[in-house]
Amino acid sequence: MLADKSNNGKTIDRYDPGEIEARWQERWEETGLYRQTIDHDRSKHYALTMLPYPSGDLHIGHWYAMTPSDARARYMRMKGYNVLFPMGFDAFGLPAENAAIQRNVHPKEWTYANIERMRRQMRSMGAMFDWEREAISSDPSYYRWSQWFFNKLLAHGLAYRKRAAVDFCPNCNTTLAREQVWGEDRHCERCGTPVIKKELEQWFFRTTDYAEELLDFEGLDWPERVKTMQTNWIGRSLGAEVTFRTEQGHEIPVFTTRPDTLWGATFMVLAPEHPLVDEITTAGQNAEVDAYQERAERMSEIDRETADREKTGVFSGAYATNPVNQQRIPIWIADYVLMTYGSGAIMAVPAHDERDFAFATKYGLPIVEVIRSPERVAAAGKTLEPLAAAYTEKEGELVNSGVFDGTPAGEAVAKVTAWLEEEGLGEGAVNYRLRDWLISRQRYWGAPIPIVYCEVHGAVPVPDEELPVVLPDDVEFMPTGQSPLLSHDEFLHTVCPICGRPALRETDTMDTFMCSSWYQYRYLSPGYNEGPFDPEEGDYWLPVDQYTGGIEHATMHLIYTRFFTKAMRDMGLVDFDEPMLALYNQGMVLGEDNEKMSKSRGNVVAPDDLVARYGADTVRTYLMFFAKWDQGGPWNYDGIKGPQRFLHDVWEVALADYQRQAVKEEASRDLRRKTHQTIRKVGQDMEQFSFNTAVAALMELRNAIGAAQREGRVSQESWDEAVASLLLLLAPMAPHLAEELWQRRGNEYSIHQQSWPEWDESIARDETITLVVQVNGKVRAKVEVPAGIDNAEAERIALAEENIRRYLDGRQPRKVIVVPGRLVNIVV
RNA sequence: GCCGAAGUGGCGGAACAGGCAGACGCGCACGACUCAAAAUCGUGUUCCUUCGGGAGUGUGGGUUCGAUUCCCACCUUCGGCACCA
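If you read the first sequence in the working numbering, its first letter stands for residue 443, the second for the next number, and so on.
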């Protein structure tokens, strides 16, 4: 330890974070300080931060997600909660396979080497992770239970296999869930390649069964932003289902949110993939329809970005009857109708729907107005202008709608729906944008889907007691990116669990989001063999009290894990409805150039270098200080000097041999007031994740202590109280420094087992306040007055101020407003 | 196009619930220490000013004794969704 600085005549050691941090990390581990076990005498708090993918090196983003979460967990611990704060790895995934193909390393080797490295890097954070609860999703002891969940879901009718046109990433060589296709160009969430459509037999989870319940966020302390995004993603539409009939007698149900416009339906449109297309198309139209269908299929395989949005379609030659007015209307085929939403068929109301209008205009189909705007109603006597464009009126009335003519537009949906039900023509219906979750991946490095295909028995689940279906290690990677499981004979060939006849294994693996949908349960007992988690641990710790992580998972992981918990509840595995009661999203650390960090931009900030240069405590404190946590912002190498100096000063002041000179009671009282105000402020801020202002408050206390030291007027007691409080309040943010100074000041190990300090209102209360005196709303004077003065007294003092008298200049106040404890505003 | 968030000094950012705009920090300026520099410490730091004051929280209006905060319209940036019937 270096000794080079003299303070008040006494030599003290210099702050050397590297030495201190390593030493305490070791001690904490030796003494099991962060072991987190059931304790029925204390309230539990399950703090969870999103688990990382073992990509190689820890990124500053990991630090930004984890260290403030750790500070919050540490704060809760000091508040008296028994806190669980586990960590693990979401270890299956494509980058491991890419490494295998490009660098000839086995994905397993690559993954576990990365885990080893990242675990070491994470230890340098000094976080209170309980490593004995670590779970790694690629361990057979973990994915055994992922497979077990698959079987459970299958048994409960929540998993099924279906042939469908699905999204496929040609670069990753695998299908993707709808949630993993992003943006206007519909690109792969992971690699950015635009996806294509493929007709494949795939496994799905029935997330749509929970669409309605997933819209209910009652009792959840989640950001509005996330709730809105999920609500939009689920996309609930209320309307009616109405059945149209072709002239040949086929029924075509359609969903509409506007049953009030039924009389304006002048044609129908089917999606090109609609099963009825082939049946109804007339001989004369066959060639044209076939060509269109083929083109539509090809369309989805060409770059979507270059595809223009002009509507195209072909006439099927067939006609249907509009059930409300018996009109004969043509049936068209067009790709602006999606097979995956509603019934894949629509009634087209060109007068009141922009898309239908564009289509009708292009192909010369009739347009019939059925809702007339108030202006057009008023002009009805005269010749009406033809419709210029589709419009949908909220006001006005129905026209051309038989018995409903004259019905006010605002009442029409309800009235028409009721009538449809009476007449047996249709009924009220709800549709969701949410799709079932496609979990099949044509990849090697994932949990095998535990299914065997038997010629006699079809898809048969591997019995629970035979799980896990182990992923074989001896595989060869194809440069084509094809899954090596397809060519692994030993894996592929098995026998049917029912009849023992030769059978083939499913070679697809599960979406890694499946593995991460239940990891919070596995953390409770990662070595447990009787089930996914030990129920005793579950009874105590579940559900998660505070979840933290990035916003990018709003409509992926956070929907999946909610679905999972609801399904687990319905399968009798848990007795609550939501996995995470509270959620907080941190923002992103940008590069110094205010751009997203990337290797190509050269603006990446490496945490290992920062720790070597400044120490983990400084990095942690800076990350909490430089912006409000949910906002994030640009990294700045000059900015980190603030927290660096701050911690250095804390070191100096905590070890200073305080020399009293002439002690003044007022000075002691001032310091005590600041101390107690800081305890109050930091506590409030920690509750609300306002780490930046919490650090600022500690800096203020540091400044006050520094001033007290220079003046030497405060009592020993108030000095000690201030310094001890500063260390305790700082402990969650800079755990090593606080621990070291706590010990050096002669306290017992460990500062992290101390209670959060209490503040005393009578000490924190200000004795005097600055009374602001305004004239006509402009500040003209400030007066120090006793805190408790009444309004009349405040007014008297204000009016007596010399500067105020000058401004009033003899005029009589018209009105005087007094805000107790704040200001007096004199209106003249 | 629809939905959501945000615009505050040279910079990052504060401001409970309509009441002192700019906490805290960076940077900068000056001073101390030093042969000197760095580091450290101290003082100052929104802008303009004729030193009386005046202006000021994206823009323009409004409500109010008083608006960064509430209302209306608009501009800009970022995020999400997007032929969803």
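For every residue, glycine included, the Cβ atom is placed at its ideal position computed from N, Cα and C.
These figures come from a predicted structure and were not determined experimentally.
- For Phe527, the secondary structure class from DSSP, reduced to helix, strand or coil, is coil.
- By the neighbour-count criterion, in which a residue is buried when 16 or more other Cβ atoms sit within 10 angstroms of its Cβ, His504 is buried.
- Taking 9 Å as the cut-off, the Cβ atoms of Ala1150 and Ala1164 count as close.
- Taking a contact as a CB-CB distance under 8 Å, the pair Ile694 and Thr703 does not count as one, their CB atoms being some 17 Å apart.
- Beta-bridge pairing by DSSP links His935 to Leu946.
- In the structure shown, Met1013 adopts coil according to DSSP, grouped into three states.
- Around the beta carbon of Cys957, 16 or more other beta carbons lie within 10 angstroms, which makes this residue buried.
- Put simply, the backbone Cα of Ile638 is about 28 Å away from that of Gln727.
- A direct Cα-to-Cα measurement between Trp1161 and Arg1155 gives close to 10 Å.
- 9 Å or more divides the Cβ of Val841 from the Cβ of Val872.
- The Cβ-Cβ distance between Glu839 and Pro850 falls below 9 Å.
- Sequence-distant partners of Lys804 (beyond 5 residues in either direction) whose C-beta falls short of 7 Å from its own C-beta, in its chain, are Lys753.
- Take the alpha-carbon of Ser1132 and the one of Ala538: they are about 37 Å apart.
- For Gln988, the uninterrupted beta strand (DSSP E) segment begins and ends at Gln988 to Gly991.
- When the Cα atoms are used, Glu1200 and Leu1170 turn out to be separated by approximately 11 Å.
- Annotation for Val1261: the continuous beta strand (DSSP E) segment containing it runs Lys1257 to Val1261.
- Judged by DSSP secondary structure, Lys594 falls within the alpha helix (DSSP H) whose first and last residues are Pro582 to Ala597.
- By the Cβ test, the segment 955–971 is not in contact with the segment 895–908, since fewer than three Cβ pairs between them sit closer than 8 Å.
- In the structure shown, the three-state DSSP call for Gln1196 is coil.
- Thr1212 has its alpha-carbon roughly 7 Å from the corresponding atom of Arg1264.
- Note on geometry: alpha-carbon atoms of Val1214 and Ser1204 lie some 24 Å from one another.
- Excluding its 5 nearest sequence neighbours in each direction, Glu1182 has C-beta neighbours in its own chain below 6 Å: Ile462, listed in chain order.
- Between the C-alpha atoms of Arg628 and Val1046 there is a straight-line separation of about 28 Å.
- Rounded to whole angstroms, the separation of the alpha carbons of Pro944 and Gly786 is 40 Å.
- In the structure shown, Tyr1064 falls within a helical segment according to DSSP collapsed to helix, strand and coil.
- With a contact defined as Cβ atoms closer than 8 Å, Arg700 and Val791 qualify at about 7 Å.
- If you draw a straight line from the Cα of Leu595 to the Cα of Met952, it comes to about 13 Å.
- Residue pairing by DSSP puts Thr698 in a beta bridge opposite Ala682.
- A contact is defined here as three or more CB-CB pairs under 8 Å, and the segment 666–685 meets this definition with respect to the segment 996–1003.
- When C-alpha distances from Gly681 are compared across Glu689, Phe697 and Glu471, the shortest belongs to Phe697.
- Counting only unbroken stretches of 3 or more residues, the beta strand (DSSP E) elements lying wholly within the segment 697–730 are 709–712, in sequence order.
- DSSP places Tyr982 within a helical segment (H, G or I) once states are collapsed to three.
- Membership of Met789 in any alpha helix (DSSP H) is not indicated; the residue belongs instead to the beta strand (DSSP E) covering Ala787 to Ala790.
- Cβ neighbours of Ala1146 within its own chain (closer than 7 Å, five residues either side excluded): Leu1113 and Lys1116.
- Pairwise C-beta distances place the segment 515–534 in contact with the segment 484–503, as three or more of them are shorter than 8 Å.
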